[in-house]
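Below: one structure, written as structure tokens.
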Ligand code: NI
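Numbering (my numbering), first residue to last: 21 to 158.
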């Protein structure tokens, strides 16, 4: 870890209890690791809000028997082809498919693409995971 700096933190007892509960619940080894994770999370949020290049992933679950749904998903993905790095299709069971689509581009474009995919009729669940290319993150 580069340039490790120690500093003192003053917190109300209630907030410290919350920090420790978070540490336990999420399985972080130390309080420092909790604080690192929170700062990184805020940095990802800032990059998504301020229009820098970001990466993310959309996960979709749907019934593959609905052929129109698959055509629609394909149309949308071709329209936003420049934002799509890769996609993976997993046959979960007889009816259900899981699709994971990795994205790179401007936050507004990726949000728009994710919204359009999730809005396709018949999608059972759709989620966008927002992350970054790792620049400016330690
Ligand atoms: Ni499938």
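Cβ coordinates follow ideal geometry from the N, Cα and C atoms, glycine included.
>> In the DSSP assignment, the alpha helix (DSSP H) including residue 120 goes from what residue to what residue?
In response: Where residue 120 is concerned, there is no enclosing alpha helix (DSSP H), although the beta strand (DSSP E) it sits in stretches over 116-125.
> With a cut-off of 8 Å, do at least 3 Cβ pairs link the segment 66-83 to the segment 111-131?
Replying inline: yes
> Do residue 150 and residue 74 have their C-beta atoms within less than 8 Å of each other?
Replying inline: yes
>> Does the beta-carbon of residue 111, which I'm using as the reference point, lie nearer than 7 Å to any heavy atom of ligand 1?
In response: yes
> Ends of the beta strand (DSSP E) at residue 81?
Replying inline: 74-83
> In the structure shown, what three-state DSSP assignment does residue 101 receive?
Replying inline: helix
> Is any heavy atom in ligand 1 found nearer than 7 Å to the beta carbon of residue 103?
Replying inline: no
> Should the segment 38-45 be called in touch with the segment 90-97, which here means at least 3 C-beta pairs below 8 Å?
Replying inline: no
>> Any heavy atom of ligand 1 closer than 7 Å to the beta-carbon of residue 115?
In response: no
> Going by DSSP, which residues form a beta bridge with residue 107?
Replying inline: 121
> Under a three-way DSSP split, which group does residue 39 fall into?
Replying inline: helix
> Are the beta-carbon atoms belonging to residue 137 and residue 96 less than 8 Å from one another?
Replying inline: yes
>> Considering only heavy atoms of ligand 1, does any lie closer than 7 Å to the CB of residue 84?
In response: yes
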